[in-house]
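Chains as they are written, first to last, in this note's numbering: chain A, 1 to 386; chain B, 1001 to 1180. Report on the structure given below.
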Amino acid sequence: MIDFYLNLHPVVQGVLKGLAVIMVIFPIGGACSMAERKVSAWIQGRPGPNRAVVPWVSWIPVIGPFLQRLGIFHVMADGGKMLFKEDALPGHVNKFYFILAPIVAMIPALTTVTAVPFGAYLDTAGKVIPIALANVDIGLLAVFAVSSLGVYSLILAGWASNSKYPFLGGVRASAQLISYELSMTLSVIPLFLWVNEPGREATLGLGRVVEFQSQPGFLGGMWFVFIMPVSAFIFLTSLFAETNRQPFDMPESEADLVGGFHTEYGAFKWGLFFVAEYAHMVIGSTVFTLLFLGGWNPLPWVSLADLAGWLGQLSPLLAHPLAVGVISIGVFLVKVLALVFFFMWVRWTVPRFRYDQVMEIGWKKLLPLSIANLIFYAIAIAIIQK
Amino acid sequence: MAIVPLERKPLTFAERTYVPQILSGLKTTWRHLVKPKETLEYPEQRPAIPPGYRGVPTLVKDPNGREKCVSCQLCEFVCPPKAIRITPGEIPAGAPAEHVEKAPKEFEIDMLRCIYCGMCQEVCPEEAIWLQNQFSMTGYTREEMVNNKARLYELGGTLPDEHFKWDKKKSAETHGNDRH
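Right, dumping it as structure tokens:
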């Protein structure tokens, strides 16, 4: 089986790997929409959606009702509804761009996964090898470059709808992206200054950042969220703005813009926007986890290699590269999903900012703060690494 | 009431960063997240109905099983949306409640018109029509939403009061009034 896979043409291998990852990301996007409904319900003191169930699942004694209470099957019900609804195309829109917009939303959201490592295993020499579709050196730059393209879908949707509220939503989306992309990028520069110590080959790879956070010693095993809390804060805030999450929900902003950029959309096209938004959120969380939360290291100061060593003492089966790979992906997914939960938790806590407040926070607060942060760490790193 | 001048303090630095406020907000929402849910899951769980609730109007019988309505039609006349329609009838001679003389032949309440105001209950001299606890009525057709006499008695049941007004009247007529 493995030999057959390895004998395939590299392009076929790549396509298979890519499909496998998309098969994971897409359902996670769908499940997140369900999780959002559940979390909002719990925070508002409701049980949330808990009715839909497939008959043969409800026959399973304990697990069936539990899954029903959890609302697992509402994902399918929602998706099916989206798929089979009449997909109305308003007469006043620019049809080509109107249909293009949701597709443009999906592509960057799913493309960014390629440069993001999501697990690791130990080879026979005991070296930690990241699992990724392409563990390239430009890692983070690629993620930034591609994920910013996502905003084009909002602008396209807003413009092609030929209606004033979607248009305002699109304009806001672009303005917001420009304001926050800047501080986001500036906030991670100190991190890479620190990672690219003198005498090493320079890299922007995300795998290297995690490797850096799993060194032995007090400072070596420290996650970046402790070393650079301000950077982490700015990055997280910008991430909220980038993914158009509350409280930076400007492009959608249903209180003042009806539905924002997707006012004229319905059915499956509308659903695609939301899967893209959630996929964006998941990717954003993975990048934050890799940069600041130690990636696949289970705890601060406990690296994956340590864990694999302990498990190896318990049973040699657990030290097998496959087992370690699965454990690392599990650890990573737990962190990412916790972060996604945090996104939702914040959404149901903080009210939406006004548009001028968003601009003020972006330009007058976060940007100076990120520049000051950069200068501080640049000087500090220069002194330490001299 | 005295006027209390409030001093408006300028925001502190921590307050201006807005971060402590967000954190305390997160704490509040977390508390709501973990505490028991406040809603009822409706069809399985029903709310407790308080006494004096005005639900679907029904007709009741007395403990002897006699229908209390004497078809005086006061409720029909008072009903603001004209939801009630009574066809008066006589109680045939020889029936156990012969002395009451009148009873409705047909009694219809159109639940599509009824506004649950309770004026029928208030006006009824016989305490025969009661708004009870049922609060949800559904049907597939307009005809289904009209409660006829049989249905009204089925919904109403028996009122456990011990007045027996008509029986006392009858015994007073035959045996003379023993009290006064």
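We put the CB at the ideal spot given by N, CA and C, even for glycine. These figures come from a predicted structure and were not determined experimentally.
With 9 Å as the threshold, decide whether the Cβ of residue i is near any Cβ in chain B.
| i | result |
| --- | --- |
| A/R354 | no |
| A/R46 | yes |
| A/V346 | yes |
| A/N94 | no |
| A/N50 | yes |
For residue i, would you say it is in contact with chain A, using Cβ-to-Cβ distances shorter than 9 Å as the test?
| i | result |
| --- | --- |
| B/E1041 | yes |
| B/T1029 | yes |
| B/E1015 | no |
| B/K1165 | no |
| B/K1168 | no |
| B/L1006 | no |
| B/L1131 | no |
| B/K1035 | yes |
Which class does residue i belong to by DSSP, given the choice of helix, strand or coil?
| i | result |
| --- | --- |
| A/G207 | helix |
| B/A1103 | strand |
| A/A105 | helix |
| A/I129 | strand |
| B/K1082 | coil |
| A/G221 | coil |
| B/R1157 | Correcting the residue type first, residue 1157 of chain B is Gly in the shown sequence and not Arg. B/G1157: coil per DSSP, three-state reduction. |
| B/L1011 | coil |
| A/Y121 | strand |
| B/E1184 | Outside the modelled stretch of chain B, which goes from 1001 to 1180, sits residue 1184 of chain B, for which no answer is possible. |
| A/W348 | coil |
| A/P198 | coil |
| A/P316 | helix |
| B/N1147 | strand |
| B/L1131 | strand |
| A/L337 | helix |
| B/P1088 | strand |
| B/D1110 | strand |
| B/P1051 | coil |
| A/V302 | strand |
| B/L1059 | strand |
| A/Y152 | helix |
| A/L373 | The question names Leu, but residue 373 of chain A in the sequence shown is Asn. A/N373: helix per DSSP, three-state reduction. |
| B/Q1121 | helix |
| B/C1072 | coil |
| B/L1033 | helix |
| A/L257 | helix |
| B/A1002 | coil |
Chain B partners of residue i, CB-CB under 8 Å?
| i | result |
| --- | --- |
| A/V350 | I1022 and G1025 |
Can you pull the chain A residues whose beta carbon is under 9 Å from the beta carbon of residue i, in chain order?
| i | result |
| --- | --- |
| B/H1099 | The contacting residues do not exist; B/H1099 stays about 56 Å from chain A at best. |
| B/L1011 | Here the premise fails: no neighbours, minimum Cβ distance about 14 Å. |
Throw me the rounded Cβ distance for the residue i and residue j pair, which I believe falls under 8 Å.
| i | j | result |
| --- | --- | --- |
| A/Y97 | A/A35 | With a Cβ gap of about 32 Å, A/Y97 and A/A35 do not count as contacting. |
| B/F1091 | B/A1103 | The sequence as given places Ile at residue 1091 of chain B; Phe does not occur at that position. With 8 Å as the limit, B/I1091 and B/A1103 qualify as a contact, their Cβ atoms being about 5 Å apart. |
| A/Q213 | A/G294 | 5 Å |
| A/S303 | A/G221 | 6 Å |
| A/M228 | A/Y377 | 7 Å |
| A/L156 | A/V104 | 6 Å |
| A/P247 | A/V151 | Rounded, the Cβ-Cβ distance is 18 Å, inconsistent with contact. |
| B/V1056 | B/L1155 | 6 Å |
| A/L149 | A/G170 | Contact flag wrong, Cβ pair sits at about 15 Å. |
| A/W348 | A/I28 | Actually they are not in contact, since the Cβ atoms of A/W348 and A/I28 sit about 20 Å apart, beyond 8 Å. |
Does the CB of residue i have a neighbour CB from chain E at under 9 Å?
| i | result |
| --- | --- |
| B/K1149 | The structure shown contains no chain E; its protein chains are A and B. |
List the residues of chain A whose Cβ lies closer than 7 Å to the Cβ of residue i, in chain order.
| i | result |
| --- | --- |
| B/E1038 | G45 |
Does the beta-carbon of residue i, which I'm using as the reference point, lie nearer than 8 Å to any heavy atom of the ligand NAD?
| i | result |
| --- | --- |
| A/H320 | Ligands are entirely absent from the displayed structure, and the ligand NAD is therefore not among its contents. |
For the region 28-47 of chain A, which residues have a CB atom closer than 9 Å to at least one CB atom of chain B, in sequence order? Taken in chain order, the members of the region 28-47 of chain A whose beta-carbon sits within less than 9 Å of a beta-carbon on chain B are V39, A41, W42, I43, Q44, G45, R46 and P47.
Taking a Cβ distance cut-off of 7 Å, strictly less, list which residues of the region 1072-1087 of chain B are near chain A, in chain order. none
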